[in-house]
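Below is one structure, written out as structure tokens; the observations come after it.
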Amino acid sequence: MRQWPRRRRINCILVTGGAGYIGSHICVELLEAGFQLIVLDNLSNSSQQSLKRVEVITDKELTFYQMDLTDKVAVTSVFESHSIDAVIHLAGLKAVSESCELPLKYYQNNINSTLVLLELMAQFSVNKLVFSSSATVYGEPEKMPVDETFPLAATNPYGRTKLMIEDIIRDVCQVTALNTVLLRYFNPAGAHKSGLIGEDPNGIPNNLLPYVAQVAVGKREKVSVFGDDYPTKDGTGVRDYIHVVDLAKGHLQALQAMDEDREIGQCKVFNLGTGQGYSVLDVIKGFEKASGQKVDYQLTARRSGDIAECYANVSLANEKLHWHAEKSLDEMLEDAWRWQTMNPEGYSND
Ligand code: WQD
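So the sequence shown is residues 0 to 349, counted in numbering that gives the first Met the number 0.
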């Protein structure tokens, strides 16, 4: 990956949702690259412990504010107190199934928090934004691999908030100096090699990886495999799992691209994935190999809203961001296992 130019225009970065699984890994990469970090998080689905461990990993400090991004008065005070050069916007509710049960909670939180952020960025002339979008905006793609020109069609309220936010940002970029990079994450997995930070879902994990890890460590009995009758190599769902550290590095490359961009009002979109799909059974077998533990599972009915397969065409990010995922599925699973065994109760045992 390219080195940063000696004189760069971005020094102070605001990371919303920076205490979360992806956010904490992004904070590690940004601190190690020498940026000054301001982190906002309401800790509704994360722990401040993750940020303390980020500081241990990097031996650097960050500034943390526990606040809700919908609280415009509070967030204004942050913009008044710091000379922010760029924003990485991760804060948001992200459970697909919960969004189907509580759509208004998702629209209110995810949309309003973004509107507050964009209004304050305009007010304080902060014109560089990286937004955490998701492959879920592609809905059920007609063919694979998925590239950024594919039609957009979210199939659940969570995905629709991501799509609405993308549209809001595109509209704002049209008429202001705001420059944005929209990063569409595929399936983040794994953990920092130290085992100090990782995925710590509240309650029963919705996502496959943390659930498999909890079965391997004996916290749960078996994995329910949601359907084995999909038109895939072994009938189970295929996804593009990307190591969370690779994902984090993609944000650094996006910032560098923006830092060098002379034009204003740009809104660029990139898939962040590996370009390789793995099935549910691949992940279960891989986790048994990585952990040396048996992972029991049972075949059950499909989960509503799931699609058969989804994996990325990543050539645009490779070329324009000079970024590519470097870590294998085995490494993701080994790193996830290390996090799980070092933190059987997540951050709560600190
Ligand atoms: C992966 C595969 C399931 C759990 C979602 C969001 C996406 C992003 C990642 C937020 C599928 C199967 C899962 C289980 C299973 N979230 N599965 N048993 O649904 O691809 O993506 O999470 O940004 O936006 O859409 O991820 O990990 O839930 O499922 O069989 O207990 O594992 O059917 O094939 P998904 P997932």
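All C-beta atoms, glycine included, are put in the ideal place defined by N, C-alpha and C.
Since the structure is predicted, the reported quantities are computational estimates derived from the model, not experimental observations.
Under 8 Å between C-beta atoms of residue i and residue j
i      : j      : result
Ala311 : Phe185 : yes
Leu89  : Ile21  : yes
Ala256 : Leu320 : yes
Ser112 : Thr69  : yes
Tyr277 : Leu328 : yes
Gln265 : Asn178 : yes
Asp84  : Lys127 : yes
Ala335 : Leu208 : yes
Leu315 : Phe286 : no
Tyr106 : Val224 : no
Pro150 : Cys309 : no
Leu117 : Phe78  : no
Asn352 : Gly304 : What is shown of the chain runs 0 to 349, which leaves residue 352 out entirely.
Asn189 : His242 : The question names Asn, but residue 189 in the sequence shown is Gly. Their beta carbons are under 8 Å apart, which means Gly189 touches His242 by this criterion.
Arg7   : Asp199 : no
Thr62  : Val27  : no
Val222 : Ile306 : no
Ala212 : Gln339 : yes
Thr235 : Val174 : no
Ile196 : His24  : yes
Asp67  : Asn41  : yes
Leu381 : Leu182 : The chain is shown from 0 up to 349; residue 381 falls before or after that span and cannot be answered.
Val38  : Val14  : yes
Ala289 : Glu333 : yes
Val180 : Lys267 : yes
Val313 : Thr273 : yes
His358 : Ile9   : With the chain running from 0 to 349 in the structure shown, residue 358 is simply not present.
Ala176 : Ile263 : yes
Start-to-end residues for the alpha helix (DSSP H) that takes in residue i
i      : result
His250 : 243–259
Leu30  : 20–31
Gln275 : Element bounds for Gln275: n/a, residue is neither H nor E.
Ile196 : Counting along the chain, Ile196 falls outside any alpha helix (DSSP H), and DSSP gives it neither H nor E.
Ala94  : Taken as a continuous stretch (DSSP letters only), Ala94 belongs to no alpha helix (DSSP H), as it is neither H nor E.
Val283 : Per the sequence presented here, residue 283 reads as Ile, with Val not at that position. Where Ile283 is concerned, the enclosing alpha helix (DSSP H) stretches over 279–290.
Val74  : 71–80
Leu315 : 314–319
Candidates the options, of which the one nearest residue i by Cα
i      : options                        : result
Gly158 : Ala121, Lys93, Leu103          : Lys93
Gly138 : Val145, Asp146, Ala153, Asn126 : Ala153
Glu325 : Lys104, Tyr240, Ala176, Val14  : Tyr240
Ile167 : Val115, Gln122, Phe123, Gly202 : Val115
Cys11  : Val125, Tyr64, Leu101          : Val125
Ser135 : Asp146, Thr299, Lys161, Met120 : A small correction: the amino acid at residue 135 is Thr; Ser does not occupy that position in the sequence shown. Minimum Cα distance to Thr135 is reached at Lys161.
Ser43  : Val145, Gly91, Gln292          : Gly91
Gln275 : Ala176, Met143, Asp67          : Met143
Gly217 : Lys267, Gln292, Leu254, Asp260 : Gln292
Lys59  : Arg302, Ser76, Arg219, Phe34   : Phe34
Ser76  : Phe123, Ser96, Ala253, Ile263  : Phe123
Pro204 : Thr148, Glu97, Ala73, His250   : Glu97
Arg302 : Lys192, Asn201, Asp228         : Asp228
Val55  : Lys71, Ser45, Leu30            : Leu30
Glu318 : Pro187, Asp281, Ala253, Gly202 : Ala253
Asp281 : Asp260, Arg238, Arg261, Lys248 : Arg238
Arg219 : Pro187, Leu103, Gly202, Lys51  : Gly202
Where the beta strand (DSSP E) through residue i begins and ends
i      : result
Pro187 : 186–188
Ile350 : This structure leaves residue 350 out entirely; the chain is present only between 0 and 349.
Phe63  : 62–65
Leu36  : 35–40
Leu298 : 296–299
Helix, strand or coil at residue i according to DSSP, with G and I counted as helix
i      : result
Val180 : strand
Tyr106 : helix
Val216 : coil
Ser45  : coil
Ile263 : coil
Leu119 : helix
Gln339 : helix
Ser132 : strand
Lys221 : coil
Gln173 : helix
Asp239 : coil
Val145 : strand
Lys127 : strand
Val268 : strand
Leu13  : strand
Ile87  : strand
Glu54  : helix
Glu100 : helix
Glu333 : helix
Glu308 : strand
Lys293 : coil
Asp166 : helix
Cutoff 8 Å: residue i Cβ touching any chain D Cβ
i      : result
Leu208 : Of the chains in the structure shown, none is chain D; there is only one protein chain.
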